[in-house]
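Chemist: One structure, as C-alpha cells, below. Some questions next.
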Amino acid sequence: MPVLLIVLDLGGTFVFAISGAMVAVRHRLDVFGVLVLAFAAGNAGGITRDLLIGAVPPAAIADWKYSGVSALAGLATFFWYPVTKKVANDVLWFDAVGLAFFAVAGAQKALAHGIDPTMAALLGMLTGIGGGMLRDVLVSGIPTVLRADLYALAALAGAAVVVSAHLLHLHPMVAAAAGGGVCFALRFMAIRHGWRLPT
Amino acid sequence: MPVLLIVLDLGGTFVFAISGAMVAVRHRLDVFGVLVLAFAAGNAGGITRDLLIGAVPPAAIADWKYSGVSALAGLATFFWYPVTKKVANDVLWFDAVGLAFFAVAGAQKALAHGIDPTMAALLGMLTGIGGGMLRDVLVSGIPTVLRADLYALAALAGAAVVVSAHLLHLHPMVAAAAGGGVCFALRFMAIRHGWRLPT
Amino acid sequence: MPVLLIVLDLGGTFVFAISGAMVAVRHRLDVFGVLVLAFAAGNAGGITRDLLIGAVPPAAIADWKYSGVSALAGLATFFWYPVTKKVANDVLWFDAVGLAFFAVAGAQKALAHGIDPTMAALLGMLTGIGGGMLRDVLVSGIPTVLRADLYALAALAGAAVVVSAHLLHLHPMVAAAAGGGVCFALRFMAIRHGWRLPT
Numbered sequence: 003m004p005v006l007l008i009v010l011d012l013g014g015t016f017v018f019a020i021s022g023a024m025v026a027v028r029h030r031l032d033v034f035g036v037l038v039l040a041f042a043a044g045n046a047g048g049i050t051r052d053l054l055i056g057a058v059p060p061a062a063i064a065d066w067k068y069s070g071v072s073a074l075a076g077l078a079t080f081f082w083y084p085v086t087k088k089v090a091n092d093v094l095w096f097d098a099v100g101l102a103f104f105a106v107a108g109a110q111k112a113l114a115h116g117i118d119p120t121m122a123a124l125l126g127m128l129t130g131i132g133g134g135m136l137r138d139v140l141v142s143g144i145p146t147v148l149r150a151d152l153y154a155l156a157a158l159a160g161a162a163v164v165v166s167a168h169l170l171h172l173h174p175m176v177a178a179a180a181g182g183g184v185c186f187a188l189r190f191m192a193i194r195h196g197w198r199l200p201t
Numbered sequence: 003m004p005v006l007l008i009v010l011d012l013g014g015t016f017v018f019a020i021s022g023a024m025v026a027v028r029h030r031l032d033v034f035g036v037l038v039l040a041f042a043a044g045n046a047g048g049i050t051r052d053l054l055i056g057a058v059p060p061a062a063i064a065d066w067k068y069s070g071v072s073a074l075a076g077l078a079t080f081f082w083y084p085v086t087k088k089v090a091n092d093v094l095w096f097d098a099v100g101l102a103f104f105a106v107a108g109a110q111k112a113l114a115h116g117i118d119p120t121m122a123a124l125l126g127m128l129t130g131i132g133g134g135m136l137r138d139v140l141v142s143g144i145p146t147v148l149r150a151d152l153y154a155l156a157a158l159a160g161a162a163v164v165v166s167a168h169l170l171h172l173h174p175m176v177a178a179a180a181g182g183g184v185c186f187a188l189r190f191m192a193i194r195h196g197w198r199l200p201t
Numbered sequence: 003m004p005v006l007l008i009v010l011d012l013g014g015t016f017v018f019a020i021s022g023a024m025v026a027v028r029h030r031l032d033v034f035g036v037l038v039l040a041f042a043a044g045n046a047g048g049i050t051r052d053l054l055i056g057a058v059p060p061a062a063i064a065d066w067k068y069s070g071v072s073a074l075a076g077l078a079t080f081f082w083y084p085v086t087k088k089v090a091n092d093v094l095w096f097d098a099v100g101l102a103f104f105a106v107a108g109a110q111k112a113l114a115h116g117i118d119p120t121m122a123a124l125l126g127m128l129t130g131i132g133g134g135m136l137r138d139v140l141v142s143g144i145p146t147v148l149r150a151d152l153y154a155l156a157a158l159a160g161a162a163v164v165v166s167a168h169l170l171h172l173h174p175m176v177a178a179a180a181g182g183g184v185c186f187a188l189r190f191m192a193i194r195h196g197w198r199l200p201t
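Residue numbers (the working numbering), protein chains in the order written: chain A, 3 to 201; chain B, 3 to 201; chain C, 3 to 201.
The structure is reproduced here in C-alpha cells:
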C-alpha cells in the first residue's frame, strides 16, 4: 500500500478513535470499553471497505499499527477526558479532518482494487461514515452521521472528487488534496453556518 | 449471474429500499440519511450473504445497479412520502413480495456457490431479513423481523422450498416460483389473519 | 480444522446461544426470534473472525453443526425458560466457560491463518465478545460486554496466553488449557468479588 494511503488511513483512524472514546467515556464505559469503542469507531469503516473489496485480511487486522493508534487515542481520551472535553469544538474540526482522510483513502483503495468509479465514491463515503455509525449503534443511539449537517454528503463529495481526478489521470497526491479539501470545506461550512439538507 | 437471479435481487432491493426510506423519513433523517437507510435496508441482506459465501466483491458493490435502484427508491419515498404513507397497507404486501424475492435469490445464489443445502436455506432467510434488521438497528429499535408475524419463518420456508426443488433437480424457474409463492402466501396469511408464533 | 478447535468452538457456540435465547425470551420475541438471537449470539463472534482472517465461507456457514447446536440451545431455552432462569447464577459461570472457549479458539484459528501475534490475541477477544455485542445491539441495549466486570479483558488475557504459548512452541492443548484457565479464572473472580475496571 502506498505511503500516502497509510498516512491518511492511520490519521483518520486516530481522529475517529478519539471520537469513539469520547462517546464511551460519556456513557461511563470502563477503560476497556473505551478501548473497544475507540477501535470500533476508528476502524469499522476501513474494515468494512476492505471486506467489501476483497482486501482480506483487512489492513486494520493485518497491521498492528491500526490497533496501536486506536489504543493510544483511547487511553489519551480516557485519562485526559476533561482536557479533551474543553476542546470539544476543536474536535468537530478534528473530526472533519478525519472524515476527509477516510473519504479520500477509501475511494483510492477501492479504485486500486478495480472497483468501478461510482461504487468507489460510495465506498469512500462508507469508509468515512462507517466507524461513526458503529460507534453510535453500540451505545444504542441513532447514528449522528445520518442526521448531522452535511456529514455523509461531505464524505461523498470528497470521494467523488478523488474518483474524478483518477479518471482524469491526475496524480494521486493532487486527487487526495482536492478531494480532502472539498470534504473538509463542506463539512466545515456546514458546522459553521448550520447548513443542512432538507428533512 | 443468471438473469432470473438479477431480476429477483434488484426487485427485492427496490422494495426493501422503500421500507428503509420510509423508516428514515419517519425518524426525520435528512435526504441523505434517507438514501443511506434505503441502501442499507435494500442491500445489507444480500451483501452479508455474498460475504459469507465468498462472492467478493458483493453484487451490490460490484454493480452500480443496486445502489441506483436504492437511490431511486429513497428519492421517490422522500419526495412523495404522503403518497407512500397512504398506501401503507399495500406496502406490507409489497414488503412480502420483496421478502419472497430475496429468500429465493439468497438460497439460489448460496446453492450456486456450493453451500450445503441446510445452510443455503438459512442464507436465503438471512438475505430476506438482513436488510430489515440493519434498518431497525440503525434507528435503534428492536428489529421488527424478530417479532413480526411469521416474518423470518416465511422467508425460511420459501428458501427451504427452493433448496428442496434444487435437490429434486427441478428447473430453477420452477423452484423460484414455488419458493417465492410459499414465502409470500405464508406472510400474506400471517398479516391477514394475525398468525403468530408462540412467544 | 483440528478436533480441539471444533470442540471449543461448538462448546462456546452452545453456551452463547443460550445467553442469546434468554435475552430474546426476556424481550418477548417469538420462538423464531429466539432462534435467530441464539444463532447470532452463538456465532457472530466466530463468523466475524473468519471473515476478517479470510476463512470463507466461515465455519458457522460451511458446517451445519453450528446452526444445529444453536437451534438446540434456542429451543431448550424457549421451552424450559423457568428452569433456565432459576439457574441464572450458574449461567454466569456457564457464560464464563463459553468466553474461555471462544477466546482460545479464536486466537488459535487466527494464528493458524498466519495473523500476527498481537492481532491474533485481539481476534481471540473479538471472537469472545462479538456474539454478546450483536445480541445486545439487536435488542437495542448497550452491549453489557462493554460494561461488565472484566469481561473483554478476561477474553483478551486468555487469548494473549494462547498466543504466548504458541510463540514458546508449547503444545496447542497446553496453550488452550492455560489460556482458557486464565480467562475463566479472571472472569470468575470478577463476578465473585465484583472486580471492575475504572470508569
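Quick reminder that beta carbons are idealized off the backbone N, C-alpha and C, glycines included.
1. Count the other CB atoms, across all protein chains shown, that sit within 10 Å of the CB of B:His195; report buried if there are 16 or more and exposed otherwise.
2. Is the separation between the beta-carbon of A:Ala150 and that of A:Met127 shorter than 7 Å?
3. Measuring CA to CA, which of A:Gly183, A:Val147, A:Gly132 is closest to A:Gly1?
4. With a cut-off of 8 Å on the beta carbons, I'd call A:Thr86 and A:Gly44 a contact; round off their distance for me.
5. Are the stretch 165 to 177 of chain A and the stretch 129 to 147 of chain A touching, with three or more C-beta to C-beta distances below 8 Å?
6. Under 7 Å, do C:Leu199 and A:Asp52 count as touching if we go by C-beta distance?
7. Beta carbons nearer than 7 Å to chain B: which residues of the stretch 12 to 25 of chain A have them?
8. State yes or no: is the beta carbon of C:Trp66 nearer than 7 Å to at least one beta carbon in chain B?
9. Would you say A:Leu128 faces chain E, with C-beta separation under 7 Å as the test?
10. So which residues on chain B does A:Val139 lean against when the C-beta distance must stay under 9 Å?
11. Which same chain residues end up closer than 6 Å to B:Ala105 when comparing Cβ atoms and leaving out the 5 residues on each side of it in sequence?
12. Relative to the alpha-carbon of C:Trp82, which residue among C:Met135, C:Leu54, C:Ala23 has its alpha-carbon at the smallest distance?
13. Count the C-beta pairs between the stretch 101 to 120 of chain A and the stretch 107 to 119 of chain B that are closer than 8 Å, then say yes if the count reaches three, no if not.
14. Pick from C:Ala154, C:Phe190, C:Val164: whose alpha carbon is nearest that of A:Val39?
15. By the criterion of Cβ-Cβ separation under 7 Å, what are the contact partners of C:Asp118 in chain A?
16. Tell me which residues share the same chain as B:Ile63 and place their Cβ nearer than 8 Å to its Cβ, disregarding the 5 neighbours each side in the sequence.
17. Considering only their Cβ atoms, is the gap separating A:Ala42 from A:Arg137 smaller than 7 Å?
18. Let me make sure I understand the geometry here. Which of B:Trp95, B:Ser142, B:Ile117, B:Met121 has the alpha-carbon closest to that of B:Ile193?
19. With DSSP collapsed to three states, give me the class of C:Leu101.
20. Does the distance from the CB of A:Gly2 to the CB of A:Ala26 come in under 7 Å?
21. Quick check: is the beta carbon of C:Val58 nearer than 7 Å to any beta carbon in chain B?
22. Please list the partners that B:Leu124 has in chain C, where partner means a Cβ-to-Cβ separation under 7 Å.
23. Would you report the Cα separation of C:Leu188 and A:Val71, rounded to the nearest angstrom?
24. What does the Cβ neighbour count give for A:Val176, buried or exposed, with the cut at 16 atoms within 10 Å?
25. Just verifying my parser: in three-state terms, what is the DSSP assignment at A:Leu148?
26. With respect to the alpha helix (DSSP H) encompassing C:Ser72, which residues constitute its N-terminal and C-terminal limits?
Modeler: The short version:
1. For the purposes of this step, residue 195 of chain B is taken as the residue at position 193 of the second sequence. Exposed: under 16 other Cβ atoms inside 10 Å.
2. Stepping through the first sequence from its first residue, residue 150 of chain A is reached at position 148. Stepping through the first sequence from its first residue, residue 127 of chain A is reached at position 125. No.
3. No information on residue 1 of chain A is available, as it lies outside the stretch 3 to 201 that chain A covers here.
4. Residue mapping note: residue 86 of chain A aligns to position 84 of the first sequence, counting from 1. Residue mapping note: residue 44 of chain A aligns to position 42 of the first sequence, counting from 1. Their Cβ separation, rounded to whole angstroms, is 15 Å, which puts A:Thr86 and A:Gly44 out of contact at 8 Å.
5. no
6. Start at 1 with the first residue of the third sequence, and residue 199 of chain C comes out as number 197. Start at 1 with the first residue of the first sequence, and residue 52 of chain A comes out as number 50. No, they are not a contact pair.
7. none
8. The sequence position of residue 66 of chain C within the third sequence is 64, counting from 1. It does; some Cβ of chain B falls within 7 Å.
9. The chain labelled as chain E is not found among the protein chains of the depicted structure, namely A, B and C.
10. Here residue 139 of chain A refers to the residue found at position 137 of the first sequence. The answer, in chain order, is Val139, Leu140, Ser142.
11. Walking along the second sequence from the start, residue 105 of chain B turns up at place 103. Excluding residues within five positions, the ones whose Cβ falls inside 6 Å are Gly126, Gly130, Ala157, Gly160, Ala161, Cys185.
12. Mapped onto the third sequence, residue 82 of chain C falls at position 80. Per the Cα distances, C:Ala23.
13. no
14. Position 37 of the first sequence, counting from 1, holds the residue named residue 39 of chain A. Here residue 39 of chain A turns out to be Leu, not Val, going by the sequence shown. Per the Cα distances, C:Ala154.
15. Counting from 1 along the third sequence, the entry for residue 118 of chain C is found at position 116. Residues of chain A passing the Cβ test: Trp66.
16. Locating residue 63 of chain B in the second sequence gives position 61, counting from the first residue. Excluding positions up to five away in sequence, the list reads Ile49.
17. Translated into the one-based positions of the first sequence, residue 137 of chain A becomes position 135. Translated into the one-based positions of the first sequence, residue 42 of chain A becomes position 40. Closer than 7 Å, so yes.
18. The residue labelled residue 193 of chain B in the question sits at position 191 within the second sequence. The residue with the shortest Cα to Cα distance from B:Ile193 is B:Trp95.
19. Position 99 of the third sequence, counted from the start, is the residue given in the question as residue 101 of chain C. DSSP places C:Leu101 in helix when its eight states are reduced to three.
20. Here chain A covers residues 3 to 201 and nothing more, so residue 2 of chain A does not appear.
21. Counting from 1 along the third sequence, the entry for residue 58 of chain C is found at position 56. Taking Cβ atoms only, chain B reaches closer than 7 Å to C:Val58, which makes this a yes.
22. As a working note, residue 124 of chain B is residue 122 in the second sequence. Under the 7 Å cutoff, chain C gives Ser69.
23. What you label residue 188 of chain C is simply residue 186 of the third sequence in a count that begins at 1. What you label residue 71 of chain A is simply residue 69 of the first sequence in a count that begins at 1. Distance between the alpha carbons of C:Leu188 and A:Val71 is about 27 Å.
24. On the first sequence, residue 176 of chain A is found 174 positions in, with the first residue counted as 1. Under this definition A:Val176 is an exposed residue.
25. Start at 1 with the first residue of the first sequence, and residue 148 of chain A comes out as number 146. If DSSP states are grouped into helix, strand and coil, A:Leu148 belongs with the helices.
26. Along the third sequence, read from residue 1 onward, the residue named residue 72 of chain C stands at position 70. Its alpha helix (DSSP H) spans residues 66 to 81.
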